[in-house]
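Participant: If you're matching them up, the sequences are chains A and B in order.
Per UniProt numbering, the very first residue in the first sequence carries number 1; after that it's consecutive.
Per UniProt numbering, the very first residue in the second sequence carries number 1; after that it's consecutive.
Virtual Cβ for every residue (Gly too), placed ideally from N, Cα, C.
Note that the coordinates shown come from a computational prediction; the quantities given were computed from them, not determined experimentally.
2 protein chains.
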Amino acid sequence: MPSTGPRPVAVELNAVLVALIDDEPQVLTLEDGALLPSGPFEGDHPTLQAGVRAWVERQTHHPLGYVEQLYTFADRYRESTMGYRIVSISYLGLTRERAAAGQHEPGWQSFYRYFPWEDWREGPPKVLARAILPRLKSWIDAVTDDARRQRRQRVEGNFDLSDWNEELMLQRYELLYEAGLVPEAGRRRKPVADPVPGEPMHYDHRRILATGIARLRAKIKYRPVVFELMSPDFTLGQLQRAVEALAGRPLHKQNFRRQVEQQGLVEETGAMTAGTGGRPAKLFRFRREIVLERAVAGSKLPLARS
Amino acid sequence: MPSTGPRPVAVELNAVLVALIDDEPQVLTLEDGALLPSGPFEGDHPTLQAGVRAWVERQTHHPLGYVEQLYTFADRYRESTMGYRIVSISYLGLTRERAAAGQHEPGWQSFYRYFPWEDWREGPPKVLARAILPRLKSWIDAVTDDARRQRRQRVEGNFDLSDWNEELMLQRYELLYEAGLVPEAGRRRKPVADPVPGEPMHYDHRRILATGIARLRAKIKYRPVVFELMSPDFTLGQLQRAVEALAGRPLHKQNFRRQVEQQGLVEETGAMTAGTGGRPAKLFRFRREIVLERAVAGSKLPLARS
DNA sequence: ATTTATATACTCAAATTGAGCATATAGGTG
DNA sequence: CACCTATATGCTCAATTTGAGTATATAAAT
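1) Taking a contact to mean a Cβ-Cβ separation below 7 Å, would you say Ala247/B touches Glu166/B in this structure?
2) What's the C-alpha gap between Glu267/B and Gln259/B?
3) By how many angstroms is the C-alpha of Asp163/A removed from the C-alpha of Gln59/B?
4) Just the Cα atoms here: how many angstroms apart are Pro250/A and Asp119/A?
5) Measure the alpha-carbon distance for Val226/A versus Gln238/A and round it to whole angstroms.
6) Would you please verify whether the beta carbon of Phe256/A is less than 7 Å from any beta carbon of chain B?
7) Is it true that the region 64-76 of chain A meets the region 45-62 of chain B, where meeting means three or more beta-carbon pairs spaced less than 8 Å apart?
8) With a threshold of 6 Å on Cβ separation, who are the neighbours of Pro195/A within its own chain once the five nearest residues in sequence on each side are excluded?
9) Determine which residues share a DSSP beta bridge with Ile89/A and list them.
10) If you compare alpha carbons, which of Pro232/A, Pro8/A, Gln263/A, Met272/A is closest to Arg85/B?
11) Roughly how many whole angstroms lie between the Cα atoms of Asp141/A and Asn158/A?
12) Could you work out which residues of chain B lie near Thr47/A, taking near to mean beta carbons separated by less than 9 Å?
13) Check Asp204/B in the structure and name its three-state DSSP category.
14) Could you tell me which chain B residues have their CB closer than 7 Å to the CB of Arg223/A, listed as they occur along the chain?
15) Against chain A, which members of the region 246-272 of chain B pass a CB distance test of less than 7 Å?
16) Residues of chain A with CB under 9 Å from Phe41/B, in chain order?
17) I believe Gln257/B touches Glu199/B by the beta-carbon criterion, under 8 Å. Please report the beta-carbon distance rounded to the nearest angstrom.
18) Ignore the nearest five residues each way along the sequence and tell me which others in Met230/B's own chain have a CB closer than 8 Å to its CB.
19) Distance, Cα to Cα, Val56/A vs Arg223/A?
20) Looking at the unbroken alpha helix (DSSP H) that takes in Pro134/A, where does it start and where does it end?
21) Using the Cβ count rule (16 or more neighbours within 10 Å means buried), how would you classify Thr211/A?
22) Which residues in chain A sit within 9 Å of residue 314/B, going by Cβ to Cβ distance?
23) Could you spell out where the alpha helix (DSSP H) holding Gly51/A opens and where it closes?
24) Would you say Ala193/A lies against chain B (beta-carbon separation less than 7 Å)?
25) Rounded to whole angstroms, what's the CA-CA distance from Ile132/B to Leu161/B? Just pull it up for me.
26) Short check: CB of Ile213/A to CB of Met169/A, under 7 Å?
27) Could you pull the DSSP bridge partners for Lys300/A from this structure?
28) According to DSSP, simplified to helix, strand and coil, what is Ala99/A?
29) For Ile290/A, name the three-state secondary structure that DSSP assigns.
30) State the start and end residues of the unbroken alpha helix (DSSP H) segment that holds Gln240/A.
31) Leaving aside the five residues before and after Gln171/A along the sequence, list all residues of the same chain whose C-beta is less than 6 Å from its C-beta, in chain order.
32) What's the gap between the Cα of Gln263/B and the Cα of Arg135/B?
33) Per the DSSP calculation, Asp233/B is bridged to which residue(s)?
34) Just to check my reading of the structure: Leu94/B and Val18/B have Cβ atoms closer than 8 Å, yes? What is that Cβ distance to the nearest angstrom?
35) Straight-line CA distance for Asp204/A to Asp23/B?
36) One question on the structure: do Gly107/A and Thr29/A come within less than 7 Å of each other, judged by their Cβ atoms?
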């Protein structure tokens, strides 16, 4: 008979911890890149957020500038071998990293190792035309009539090379999963014979990673979160490269500066860079007060009279 | 000694279930408006979303058009009397309701019963100038120096009458809570002596409600979710009143139609309304295919050359 | 001296947005 | 019926915002 007490459930935390190292967007991983850092939710933390913060800072020895909840999963397949259910709560965290000592820090992996088709900084990734689109075409043609029309619309809406939308990253990943082009361990699905380029991860960690990056890509457009990834002083060029790294696409330099400056997000420190080759750049710092002043968001409704 | 098995945890689901009844945005409640519908997560559902959907549809006998996860709470104070921890996962759900039989359906309550300062459809709510702003002023003046400057900036950013931002609803609620102007049961805080107008709820349900409405207010601007609340055929006037009800502010009629039409979200049914007093209006229906075609989002980055 | 990089200032046309005028067509009223 | 009120719909126009350049400045490298 059903007990009225709590069902045995384990609460697990997953973190998508992001840093920029040498203009490359990186995520902290374990097991040679196959796992996101995860840990149990300890009972002695007052809140979930505090738990994540304490736990990540203990692991990385870096202060966590920004933490945001991503999503909670409790799917059926998420069961331990002991039979109890697992609830996974995932978080996005942003941290500041100095330039890498060597090539890259152990554990830090570039976003685009997992999603090579998402890096448009140097133009359209070849993997799209070469491997992904043809296979999506086959996937479309594997059915007929209305189902085919639906598949075609989804592919066209999410993979339009002539009008790429970097925010649709999660939806693209999910579509590739449905089309059987990316493997995902732990799900009951026939194994993917010939996956598309891009490293897989264990369990659904690649999906969680996609969720985190997609959220970040959306957020940098209306909230000043990039600054959590920058060192205190930076040039507008560095700031631009940071945004480009996250969004995965090149920006128009002059318009980027105009936007940043007229939003009043930064102020000059007075100092300049030196020895970078090319004209020295002014150094800026983020005006942290702005966060309090303008809790802005992107309105678009056609409002009426004042 | 600490066991390695799962800590006893109960998973609870909360729902912010929204419907429009007679142009009034309503939320389904229990206990005479003091509780959001909540229930345990049954182990026999494949996913959380399926659990919410089944459970809500069983309670309301209405199909749930749209479901979205809001937030997961596991705060310290969220403990049952039995000593185990409670994880609350809250959802936003949209459903279609016909016009009310009588005054309003039992259980359905207007948003603005809980947040009267958020309804700007008839201009600035008097409660703001009369009750809220003076008390926030006192709250600012209760401290000095930098703390006072910070409080002032937060109040000015979130309660600017001359530039009201309906999306900041959650932040405003949280500020009122911090300022001791709204009560919230279950939190260890001194009871609020003289709360500002607006019905309270048990536990943190009013906060969850604010989270849901704020999310909805943000979402209607870039996703066609309003249509989940409309009957299949509607006039542009009805659609506008629906958006106004959710956003809590009046819209410019001609610009609203322009926006809706040029986005290609709707198509004429061919029929017209009758007997409404005034010129008859064309009836429209939502073009559901559009969701597949354009998985749009609101870009704002200054992109570079194609 | 010239080339190559980067930084920064300024311009201009196209597109979007905010605000309003004008007209159409119903119901209600004296 | 003539007129008023209410809603719907079509269209215009100026202000702002955005996308895409051109032009110039200042460093390092050849």
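Facilitator: Reading it off the structure:
1) Position 247 of the second sequence, counted from the start, is the residue given in the question as residue 247/B. Position 166 of the second sequence, counted from the start, is the residue given in the question as residue 166/B. For Ala247/B and Glu166/B, yes; Cβs fall inside 7 Å.
2) Residue 267/B sits at position 267 when you count from the first residue of the second sequence. Residue 259/B sits at position 259 when you count from the first residue of the second sequence. Looking at the two C-alpha atoms, the distance is approximately 13 Å.
3) Within the second sequence, the letter at position 59 stands for residue 59/B. Within the first sequence, the letter at position 163 stands for residue 163/A. Going by the C-alpha atoms only, they are around 44 Å apart.
4) On the first sequence, residue 250/A is found 250 positions in, with the first residue counted as 1. On the first sequence, residue 119/A is found 119 positions in, with the first residue counted as 1. Whole-angstrom Cα-Cα distance: 10 Å.
5) Counting from one through the first sequence, the residue named residue 226/A turns up at place 226. Counting from one through the first sequence, the residue named residue 238/A turns up at place 238. Cα to Cα, the separation comes out at about 11 Å.
6) Translated into positions along the first sequence, residue 256/A becomes position 256. Closer than 7 Å: yes.
7) Contact holds: three or more Cβ-Cβ distances are below 8 Å.
8) Position 195 of the first sequence, counting from 1, holds the residue named residue 195/A. Contacts found: Val182, Pro183.
9) Within the first sequence, numbered from 1, the residue matching residue 89/A stands at position 89. In the DSSP assignment, Ile89/A is bridged to Leu13/A, Thr72/A.
10) Numbered from its first residue, the second sequence carries residue 85/B at position 85. That would be Pro8/A, whose Cα lies nearest to the Cα of Arg85/B.
11) Numbered from 1 along the first sequence, position 141 holds the residue referred to as residue 141/A. Numbered from 1 along the first sequence, position 158 holds the residue referred to as residue 158/A. So the two alpha carbons sit approximately 17 Å from each other.
12) For this step, residue 47/A is matched to residue 47 along the first sequence. Within chain B, the residues near Thr47/A are Phe73, Ala74, Asp75, Arg76.
13) Taking the first residue of the second sequence as 1, we reach residue 204/B at position 204. Collapsing the DSSP output to three states places Asp204/B in coil.
14) Translated into the one-based positions of the first sequence, residue 223/A becomes position 223. Going along chain B, no residue has its Cβ under 7 Å from Arg223/A, so there is no contact; the nearest lies around 11 Å.
15) Correct list: Ala247, Arg249, Pro250, Leu251, His252, Asn255, Phe256, Gln259.
16) Counting from one through the second sequence, the residue named residue 41/B turns up at place 41. Near Phe41/B (Cβ distances below 9 Å), the residues of chain A are Arg7, Val9, Ala74, Arg85, Val87.
17) On the second sequence, position 257 is the one that residue 257/B refers to. On the second sequence, position 199 is the one that residue 199/B refers to. The sequence given here has Arg at residue 257/B, not Gln. That pair is no contact at about 35 Å.
18) By one-based count along the second sequence, residue 230/B stands at place 230. So the list reads Leu20, Arg96, Gln238, Leu239, Ala242, Phe286, once near-sequence residues are dropped.
19) For this step, residue 56/A is matched to residue 56 along the first sequence. For this step, residue 223/A is matched to residue 223 along the first sequence. The alpha-carbon atoms of Val56/A and Arg223/A are separated by roughly 23 Å.
20) For the purposes of this step, residue 134/A is taken as the residue at position 134 of the first sequence. 133-141 is the span of the alpha helix (DSSP H), which, as asked, contains Pro134/A.
21) Stepping through the first sequence from its first residue, residue 211/A is reached at position 211. Thr211/A comes out buried.
22) One cannot answer for residue 314/B here, as it falls past the ends of chain B, which runs 1 to 306.
23) In the first sequence, counting from the first residue as 1, residue 51/A sits at position 51. Note, Gly51/A: alpha helix (DSSP H), 48-60.
24) Reading the first sequence from its first residue, position 193 is the one you call residue 193/A. So no, Ala193/A is outside the interface.
25) To locate residue 132/B, count along the second sequence from 1; it is residue 132. To locate residue 161/B, count along the second sequence from 1; it is residue 161. Approximately 12 Å between the Cα atoms of the pair.
26) As a working note, residue 213/A is residue 213 in the first sequence. As a working note, residue 169/A is residue 169 in the first sequence. Yes.
27) Residue 300/A sits at position 300 when you count from the first residue of the first sequence. Answer is none; Lys300/A lacks a bridge partner.
28) Position 99 of the first sequence, counting from 1, holds the residue named residue 99/A. Only weak support exists for where Ala99/A lies, its pLDDT of 49 falling under 50; the value from the coordinates is given anyway. Here Ala99/A sits in coil by DSSP.
29) Position 290 of the first sequence, counting from 1, holds the residue named residue 290/A. Reduced to three states, the DSSP call for Ile290/A is helix.
30) The count along the first sequence starts at 1 and reaches residue 240/A at position 240. Gln240/A: member of the alpha helix (DSSP H) spanning 236-247, first to last residue.
31) Here the question's residue 171/A lines up with position 171 in the first sequence. Closer than 6 Å at the Cβ level, and outside the excluded window around Gln171/A, lie Asn158.
32) On the second sequence, residue 263/B is found 263 positions in, with the first residue counted as 1. On the second sequence, residue 135/B is found 135 positions in, with the first residue counted as 1. The straight-line gap from Cα to Cα measures roughly 43 Å.
33) What you label residue 233/B is simply residue 233 of the second sequence in a count that begins at 1. Beta-bridge pairing links Asp233/B to Arg285/B.
34) Against the second sequence, residue 94/B aligns to sequence position 94. Against the second sequence, residue 18/B aligns to sequence position 18. The Cβ separation is near 5 Å, so the contact holds.
35) As a working mapping, residue 204/A is identified with position 204 in the first sequence. As a working mapping, residue 23/B is identified with position 23 in the second sequence. Whole-angstrom Cα-Cα distance: 42 Å.
36) Against the first sequence, residue 107/A aligns to sequence position 107. Against the first sequence, residue 29/A aligns to sequence position 29. Result yes, Cβ atoms of Gly107/A and Thr29/A sit closer than 7 Å.
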